[in-house]
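Residue numbers for the sequence shown, in numbering that gives the first Met the number 0: 0 to 387. To start, the structure itself, in structure tokens.
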Amino acid sequence: MPIVNRIADFSADMTEWRQHLHTIPELSFDCPKTAAFIKERLQEFGVDEIHDGIAQTGIVAIINGRGEGPTVGLRADFDALPIEEETGVDYASTHPGKMHACGHDGHTAMLLGAAKYMVETRNFSGRVALIFQPAEEEGGGAQVMCQEGMMDRFAIKEVYGIHNFPGAEFGAFFTTPGPIMAAVDMFTITVNGRGGHGAMPHETADPVVAACGMVQAIQTIVSRNTPSASEKVVSVTQIHTGSASNIVPDTAMINGTVRTFDKDVQALIKRRMAEIVAGQAASYGVEAVLEYEAGYPATVNAADQAAFAANVARKVVGDSKVDDSFPKVAGSEDFAYMLEERPGAYLFLGAGEGAGLHHPKYNFNDELAPVGASFFAQLVEQIQPVAK
């Protein structure tokens, strides 16, 4: 079955909702205008329950189906990015320095469209929990919603999410069982030496040379310490030190990122980095402090739920437009926290040609909203069919 006809009927409404949200981008947890707009639409639709103020501005809305059954969670993120928009569209951001450069306005429109349809038809048993989440880009809103007890409070059994994918075939779905996106960690190394004259380096404890040695040694973690078949990235992205050509500085700073899909590999990298920093500091006669900050965990799809979601997608867009063995992506996503609490699946939805995510010229493809809304609606109807 392709795009649901009734959802196609109000595709113009979804475009209007999305473009309005695009004009009022808000950051992190501080999204009161966005949350108010979502709540107004949900009230208009006639959902059965609206629970707001979760993770500050997050919302969970409940739609009851026909008869008893479990609760399936559907998630849309709605925060924006601190980017100055360059799209030139007539519905561009009215908030300077903020824009919807990742399509979260579109994700929200998709879920609102599915909500409108499901309230009208209620062609499912049990309940649907519509999860509208702030702070995906920064702050881990999904983690906070889970910490505030969302999963137990609403008895959510499974949870699903979609993210648009610019540059991929329009309307094509991509997912995989197991890890689909990486855990993201950040490290900062502060090297404290003893500065002096560049012409007399023997009187110094040079943090620059020590920092260079640490960077070289850190690269051996991937090549010599982790299993060759494991997928991981360790990237040093910043080195800051010095102020003049004839001065050995007192300090140097190294910064970078680690991306992993396996908790054991993640732990090994953290341990080896600490050992390397300590060993290199001793060998160069300096002191060094490693700050290692774990970020979002890996986004791990449950095998059964990923397969089920892929089959639903096939019914929406056809077999040829579904890839259920999509290669892992080294980016990160805080939907991972929801998947740590409940089985479920995360899918990418191809948006066709256009500027990439987090680009000032990015703009969500409004023709995609009926596809995503139809997927969400049919997912619920097939997971929790009405008893005959």
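The beta-carbon is built from N, C-alpha and C at its ideal position, and this holds for glycine as well.
Exercise. Quick one, are the C-beta atoms of residue 25 and residue 333 less than 8 angstroms apart?
Worked result: no
Problem set entry | Of the listed residues 84, 237 and 40, nearest to residue 255 (C-alpha basis) | 237
Exercise. Which residues does DSSP pair with residue 14 in a beta bridge?
Worked result: Residue 14 pairs with nothing; no bridge assigned.
For this session: Give, in chain order, every unbroken run of the alpha helix (DSSP H) that is at least 4 residues long and sits entirely within the region 261-321.
Result: 262-283 and 302-316
For this session: Using the Cα positions of residue 286 and residue 89, report the straight-line distance between them to the nearest angstrom.
Result: 55 angstroms
Exercise. For residue 383 versus residue 81, is the C-beta spacing smaller than 8 angstroms?
Worked result: no
Exercise. Grouping DSSP H, G and I as helix and E and B as strand, with all else coil, what is residue 179?
Worked result: strand
Exercise. Which of the three DSSP states, helix, strand or coil, is assigned to residue 48?
Worked result: strand
Exercise. Can you name the start and end residues of the alpha helix (DSSP H) that residue 90 belongs to?
Worked result: First-last for residue 90: undefined, no H or E at that position.
Problem set entry | Rounded C-alpha distance that separates residue 65 from residue 125 | 7 angstroms
Exercise. Beta-carbon separation of residue 162 and residue 92 under 8 angstroms?
Worked result: no
Exercise. To which residues of the same chain is residue 369 closer than 6 angstroms at the C-beta, ignoring the five residues directly before and after it?
Worked result: 2, 6, 7 and 10
Exercise. What are the residues that DSSP puts in a beta bridge with residue 173?
Worked result: 322 and 347
For this session: Go ahead and label residue 160 buried or exposed: buried means 16 or more other beta carbons lie within 10 angstroms of its beta carbon, across all protein chains shown.
Result: buried
Exercise. CA-CA distance, residue 297 and residue 288?
Worked result: 26 angstroms
Problem set entry | the region 174-188 touching the region 100-108, judged by at least three CB pairs closer than 8 angstroms | no
Problem set entry | DSSP-derived helix/strand/coil call for residue 219 | helix
Exercise. Is the beta carbon of residue 62 sitting closer than 8 angstroms to the one on residue 118?
Worked result: yes
For this session: Kindly indicate the opening and closing residues of the beta strand (DSSP E) around residue 193.
Result: Taken as a continuous stretch (DSSP letters only), residue 193 belongs to no beta strand (DSSP E), as it is neither H nor E.
Exercise. Residue 343 and residue 59: beta carbons closer than 8 angstroms?
Worked result: no
For this session: Return the CA-CA distance between residue 54 and residue 28, expressed in angstroms with no decimal places.
Result: 7 angstroms
For this session: Using alpha carbons as the reference points, say which of 283, 340 and 109 lies closest to residue 207.
Result: 283
Exercise. Taking buried to mean at least 16 other C-beta atoms within 10 Å of its own C-beta, is residue 56 buried or exposed?
Worked result: buried
Exercise. Hey, which unbroken runs of the alpha helix (DSSP H) at 4 residues or more fall wholly within the region 329-384?
Worked result: 334-340 and 368-382
Problem set entry | Spatially closest choice to residue 170 from 224, 269, 85 and 320, by CA coordinates | 320
For this session: Could you tell me the boundaries of the beta strand (DSSP E) in which residue 163 lies?
Result: 155-164
Problem set entry | Pair within 8 angstroms by beta-carbon distance, residue 374 and residue 311 | yes
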